[in-house]
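Chains G and U, in that order, give the protein sequences.
Heads up: the first sequence runs through residues 982 to 1499, numbered per our numbering.
Heads up: the second sequence runs through residues 110 to 597, numbered per our numbering.
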Amino acid sequence: MITPGFLYITGAILLLLPVNDRIKYIISFLITAGALIVTFYLIPGYSFQLDFLKFTLVPVKVDNASKLTGLIFAVGGLAAVIYSIKLCSRFILSLIFVFIGSALTVVFSGDLFTLYVFWELMTISSSFIIIMASDVTKKTGYYYCLMQVAGGLSVLWGTFLQYSATGNLSLNAIEAGIPFFMLAVAIKLAFVGFHTWLPLAYSKAPFYVTVVLSIYTTKVGVYIMSILLSGINILAYAGLISALFGMVMALRQNHALKLLSYSIIIQVGYMIIGISIGTEKGIAGAIFHLVNHILYKTVLFMAVGVVIYTTGKDTLENLGIMGRKIPVTSIATLVAFLGIAGVPFFNGYMSKSLIKEAVQEPLLTWGLNLMSFGTSLIFLKFIYYAFFKNSNVNLTKKPAISMQLGLGFLTVLMLLIGIHPYLLENLMNTDLGIHYFDKKHMLSGIQPFLWSIPVFLLLKKYVVKNYVRLLYFDMYRKMAKILVTTGYQLSNYHDGKLHKYLLWATSTLIILLVLLMF
Amino acid sequence: MEAAVWLIILPLLTAFFIGISKLYFKKILAPLVTGSAIIYLYLLILVINHSYPPKVYNVGAWGLMGINLMVDPFSAMFLLMIAILFLPVIIFSVKYIKSHKHKYFIFTYLMTAGIAGMVLTADLFNLYVFLEVSSLSSCALVALKNTNKGIEGTFKYLIMSTLGSFFILLATILTYSLTGTLNMAEISLEFKDIPFQIKSTLMSFFVFGYVIKIGLIPLHAWIPDTYEDSPIPYNVLSSGLVMKSAVYALIKVLYIIFGIDFLDQSGMLHIGVFWGVITFIVAHLLAYQQSNLSRLLAYSSVAQIAYITIGLFVGTEGGLIAGNFHILNHAIMKGTLFLVTAIFYYSLSAVKIEDIKGLGYKFPILSFIFVVASLAIVGLPPFNGFISKWLIVEAAIESGFVYAGFFILVGTFLSLTYYLKVIVTLYTKTEKELLIVKPTLSLRLPTIFLGSLCILFGIVPSIPLSLINKIPKFLLDNGEYIRILLGG
Chain G
982 MITPGFLYIT GAILLLLPVN DRIKYIISFL ITAGALIVTF YLIPGYSFQL DFLKFTLVPV
1042 KVDNASKLTG LIFAVGGLAA VIYSIKLCSR FILSLIFVFI GSALTVVFSG DLFTLYVFWE
1102 LMTISSSFII IMASDVTKKT GYYYCLMQVA GGLSVLWGTF LQYSATGNLS LNAIEAGIPF
1162 FMLAVAIKLA FVGFHTWLPL AYSKAPFYVT VVLSIYTTKV GVYIMSILLS GINILAYAGL
1222 ISALFGMVMA LRQNHALKLL SYSIIIQVGY MIIGISIGTE KGIAGAIFHL VNHILYKTVL
1282 FMAVGVVIYT TGKDTLENLG IMGRKIPVTS IATLVAFLGI AGVPFFNGYM SKSLIKEAVQ
1342 EPLLTWGLNL MSFGTSLIFL KFIYYAFFKN SNVNLTKKPA ISMQLGLGFL TVLMLLIGIH
1402 PYLLENLMNT DLGIHYFDKK HMLSGIQPFL WSIPVFLLLK KYVVKNYVRL LYFDMYRKMA
1462 KILVTTGYQL SNYHDGKLHK YLLWATSTLI ILLVLLMF
Chain U
110 MEAAVWLIIL PLLTAFFIGI SKLYFKKILA PLVTGSAIIY LYLLILVINH SYPPKVYNVG
170 AWGLMGINLM VDPFSAMFLL MIAILFLPVI IFSVKYIKSH KHKYFIFTYL MTAGIAGMVL
230 TADLFNLYVF LEVSSLSSCA LVALKNTNKG IEGTFKYLIM STLGSFFILL ATILTYSLTG
290 TLNMAEISLE FKDIPFQIKS TLMSFFVFGY VIKIGLIPLH AWIPDTYEDS PIPYNVLSSG
350 LVMKSAVYAL IKVLYIIFGI DFLDQSGMLH IGVFWGVITF IVAHLLAYQQ SNLSRLLAYS
410 SVAQIAYITI GLFVGTEGGL IAGNFHILNH AIMKGTLFLV TAIFYYSLSA VKIEDIKGLG
470 YKFPILSFIF VVASLAIVGL PPFNGFISKW LIVEAAIESG FVYAGFFILV GTFLSLTYYL
530 KVIVTLYTKT EKELLIVKPT LSLRLPTIFL GSLCILFGIV PSIPLSLINK IPKFLLDNGE
590 YIRILLGG
C-alpha cells in the first residue's frame, strides 16, 4: 500500500538523481499530485503493521481527523511545491520533499516510535533546508535545529516513560510522561516562552522556505496535541495567553514575514483552546481551524513572497506594490485577509464559530473575541499598507507564473470552504449539527471585525508606526552561554600536563578501591 | 578447522613479509597488504559463521595447560568489526600514507594481530600479552608522523598505557597466585571460594587498568592528545578497535571471571553506569570547545565509549545487546567521520574546523556522508546510532537506571551542539581560494562504504542484531561459557 509520506520520500530520492529542470518539474508534479490523490482515497480505519526490533509498529493508521489533516497537508504540499519550484535548487527541493513526506507520515503514524522517527526527520530536513538555503541563515538554522531537537528529545523521553509504564507504544491517550509531551508540543507550537525559534527562522529564511515550513511545522504539533493531549482544560488558558502575547508582538512588527510569524502564534492559540476543551466540537473546530489556517496563512506568506520576489524586501512599505501591479496576488491577499479576520462567507469564519460554540466559560469566550479583534486589527494594518497607503515602490521583475498558480489554487479552495463550510464536515465524516449561517453565529462572527475598523481608524497613528525593534531577553541563549562557559573552564583545566593526568589516575584508583572494598 | 588460529598468524606473517619486502622488492607493498587483507576478510567471515555454538581450539594440543582460543558470539562480534573496518582502512591507507609506509603497515598488521588475539583467547595471561602487542604497536603508530605533537602524544600514551598495563599485569599475577591457573574457566570456578574483599580488590585493579585504556573520565586525557597528530586512518582503527578491544577484555574479565552476581553485589554495575554518565556529560562539554577536528572526534569517542559502558554495565540481556550494538555502530560511524576528515586533510591539509569551511560545496558526496555519520553518532533517526541508543536507554530504564536514560538524551542534545557546529561550518561559503588535491577512488570508496553502512544498519538493524542477540547468553550465565571451555 502506497502512503503519501512514502511517495514524497521516494520523490526526494528521485530528485537526488542528476536530472534536468524539465524532469524535475514532471517528477515534482507527479509526486505531489499523486500524494494528494492517494490521500484522498485513503479509507478511514485502514492500518498497516510492521515488525521492527521487538515492536509491532503501525506506520499507517487512517482515521477521520488524520485523513482531513493529511489531505490539507497534501494540498499545501502541492501548492507550495508548485509555488517554489522555480526558485529552489534540486537539492533543497529534495529536502522539502523529505520534510513534507515526514510530516505526512507523522500525521498517519499509529505508534509512538514511528511518530518520533518522522518527527525528528522533519526537524533534520527542515534544519538543513534553513541552513543550506541561504548564506545568512547558518546561525538561524543552528538555533532552530537545537530548539527542535530539544522538543524531539522530549517526545523521545516521554515515549520511553510511556513505554515503560504501559508496555506498548500505541498512540492513544498518554498516561506517563505528560509534561515531556507538553514540552515537545509547546516547542513545536511556538508557545509563548518557547516561541523564539519561529519568528527568527521564518523571517530569516528565504520566503519559499518559510512558505513550506509554515504549512507543516506548527500544524504537526497541533495535530499531535489533538491526539495525545486533548481535554486538558488548563491548557486553554495557556493558549489564550500565548495568543495575546502573539497579538502584542505582531502589532509591533515592521516586517511582513515577522508579522505573519507572530500571527501564527495567535492562530495556534485558537487551536490550543479548541483542543483543550476536549469536546467533539472543540477538537473538530481545532482541526478545521488548522485546515483553514494552512490555507490563508500559506496564501499570505506566498503573497509576501511575491512581494519579496518582485521588490526585494519584506518591509510593510513594500507591500504597497500589491495595490497596483500584481492583481492575482492582491485578490488572494484580500480573500485570505477576510478569511483570517473571520468574516462570514470566508473560510476562517466556520472554524472560529465552531470553537466559540464549543467554549463554555465566559472568560475564554471573551478571550476568543479579543483574539479575533486583534487579528483583524493586525491585518487591517497589513491591508492598509498594501492597498491604502501611498507608496512608490516599483517592480523589479514580474512574479513567476508558477508562483501565481500555487497562490491561485489555494485561494479557490479558500473561497470554496468559505461558501460551503459543510465541505470539511463531509470530508471528516462528521455531523456537528451547527448552522453556520444563522443569525447568532453571523453576528458574533462579524462583531470583532466590525469593531476593529473604527478602532483602527481612531488609533491609526499608534498602530501604523515604526516601532523600534525590541531586543528581548532570550533565556536559551543565556543557558547556552552557561554551558559553554562551563566547558571552557573544564577545557582550561586540561592543560596537557602529564603530572595532572597521573594525579587524576591515582585519585581514581583510590576512589575505586574505596567504593569497591566497602 | 584451524581458521581461528590463522586469524592471529596471518597478520603477524604479513607484518614480517612487509619488513622483508622493504629490503628486496619495494613495489609489491600495495598488492601484498591488500591481498593479505582480502584473505583475512575471508578467514574472518569463515570464523564468524562458525561462532555459534561457541568453539574451542587447543593450540598445540596441550589441553588446558596450553593456549586455548575460543570463538563465541561476543568475540565474533569483534571479529565482525575487524572485518568491516580492516579492509577499507588498508585500501584507504595505501593511497593516503606517504611517509614511513612500510612501518605503518607493519604496525597496523601487528596491532590487528594483537586485537584478534585478545578477542580470541580464553587465557588471562595471553589476554595481557595480546593487549600489550596491540597497545605498543598502537603507540608506535601515533609517533609515525614524527612531529612534535605526535611525539608528545605518544609519550603521554606510553606512560598512561603502561600504568594501565601494570595494574592489569598485577591483577593477573595476583589471580594466578590465588588460583594457580590462568584459564578463564578454571579461574572462575576457583573464584567461588575466594573472600569477597580480595575479589573486590582484584576487580578494582582490573577495572582501573582497563579503564585507562578505555578512557573514561578522568582517565581519558591521553586520548585527544594521541589523536591530534597521528595518521588519521590509524585513528579509525584506534577508536574502532583498540579502545573497543579493551572494553572487550574488561567485559570478558568481569562477566566471565567474576560473574554477574558478584558485579551486582559489589556495586560495580552502579559504579559503571554512574561513571559512564559523568563521562559523556563532561566529554560532550569538552568536545564543544575543540577547534581541532581530530580532537573533537576524540572527545566524542570518549563520550560514545561512555554510552557503551552504560549499556554493558546495566547488567541485563537488553543492556548487553544494546552496548554491543553500539560498539559496532560507533566503530562504523567514527570510522566514517575519521575517513572523511582524512580526505579533507589529504586534499587541503585541513586540520581545524574553520579549515573545512565551504567544503560542503566542493565535496558534495563526502560532506553528505559526513553529515549522515554525524547525525548517526548524535543519535538521530533513521541512522544506526539511534537504534543502539534507543536500546541502551530502554535497557537502562528497564533495570532501574532511569537517571542514566534521561542523561543519555541530554547527552544527545549536547553532542548535537558541536556536530552541528561542524556541519554548519562545512556548508558555509567562503571567499578563500582553495587548492584542492582531488581524492582518488581508493580514498572515496572505503568512506562511502562505511557511510552507507550507517544508513543500512539504521533501517535494517536486524542484520547485525541477529549475531549480537546471541551474545548475552554466554556472558550473563558464565556457567555456560565455562562448560564449553572446559568440556571442549
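Built from N, CA and C at the ideal position, the CB exists for glycine as well.
Computed from a prediction, not measured in an experiment: that's the story for all the values here.
When C-beta distances to chain U are compared with 9 Å, every residue of the stretch 1250–1265 of chain G stays at or above that value. At least one CB of chain U lies nearer than 8 Å to the CB of residue 1498(G). Restricting attention to alpha helix (DSSP H) runs no shorter than 4 residues, the stretch 1139–1172 of chain G encloses them at 1159–1170, ordered along the chain. Three or more Cβ pairs drawn from the stretch 1054–1062 of chain G and the stretch 1194–1202 of chain G lie within less than 8 Å of each other, which places the two stretches in contact.
With a cutoff of 8 Å on beta-carbon distance, residue 1242(G) and residue 1180(G) are scored as near each other. Inclusion of residue 250(U) and residue 343(U) in the CB contact set at 8 Å is warranted, their separation being smaller than that value. Residue 334(U) is positioned such that its CB atom lies closer than 8 Å to that of residue 265(U).
Straight-line measurement puts the Cα of residue 123(U) at about 10 Å from the Cα of residue 216(U).
Taking 8 Å as the cut-off, the beta carbon of residue 577(U) is found closer than this to the beta carbon of residue 434(U). Ranked by how close their Cα comes to the Cα of residue 150(U), the residues 502(U), 115(U), 235(U), 167(U) have 115(U) in first place. In the structure shown, residue 985(G) falls within a helical segment according to DSSP collapsed to helix, strand and coil. By DSSP's assignment, residue 165(U) forms a beta bridge with 179(U). Comparing alpha carbon positions, the residue from 1385(G), 1229(G), 1144(G), 1228(G) closest to residue 1287(G) is 1385(G). Only those residues of the stretch 366–384 of chain U whose C-beta falls short of 8 Å from the nearest C-beta of chain G are listed: 375, 376, 377, 380. By alpha-carbon distance to residue 220(U), the top candidate from 132(U), 156(U), 241(U) is 241(U). By the CB criterion at 8 Å, residue 1083(G) and residue 996(G) fall outside the cutoff. Of all C-beta pairs linking the stretch 461–479 of chain U to the stretch 439–450 of chain U, three or more are shorter than 8 Å, placing the two stretches in contact.
Put simply, the CB of residue 1123(G) is near chain U, with a gap under 8 Å to one of its CB atoms. In summary, the residues of the stretch 1103–1134 of chain G whose CB is separated from some CB of chain U by less than 9 Å are 1104, 1105, 1108, 1109, 1112, 1113, 1116, 1119, 1120, 1122, 1123, 1126, 1127, 1130, 1131, 1133, 1134, in the order they occur in the chain. Distance between residue 1141(G) and residue 503(U), taken at the CA atoms: about 7 Å. Counting only the Cα atoms, residue 320(U) lies some 7 Å from residue 328(U).
Closer than 8 Å to the CB of residue 472(U) there is not a single CB belonging to chain G.
Residue 1248(G): member of the alpha helix (DSSP H) spanning 1237–1258, first to last residue. A residue is called buried when at least 16 other Cβ atoms come within 10 angstroms of its Cβ; residue 384(U) meets this threshold and is buried.
About 6 Å separates the CB atoms of residue 549(U) and residue 204(U); that is less than 8 Å, so the two are in contact. When DSSP states are grouped into helix, strand and coil, residue 1042(G) belongs to the strand group.
Residue 147(U) counts as exposed, since fewer than 16 other beta carbons sit within 10 angstroms of its beta carbon.
Contiguous alpha helix (DSSP H) elements confined to the stretch 229–302 of chain U occur at 233–251, 257–288, 293–299, taking only those with 4 or more residues. Between residue 992(G) and residue 1080(G), the C-beta spacing is not below 8 Å. Using a CB distance below 7 Å, the part of the stretch 307–321 of chain U facing chain G consists of 309, 310, 312, 313, 316, 317, 321, ordered along the chain.
Distance from the Cα of residue 507(U) is smallest, within the candidate group 1346(G), 1418(G), 1349(G), 1145(G), for 1145(G).
Closest in C-alpha terms to residue 127(U), from the list 194(U), 111(U), 214(U), 187(U), comes 214(U).
For residue 1201(G), no chain U residue has a Cβ inside 8 Å of its Cβ, as the nearest lies near 16 Å away. Closest in alpha carbon position to residue 306(U), among 559(U), 374(U), 439(U), 361(U), is 374(U). Straight-line spacing of the CA atoms in residue 584(U) and residue 317(U) works out to 21 Å.
Listed by position along chain G, the residues whose Cβ is nearer than 7 Å to that of residue 515(U) are 1138.
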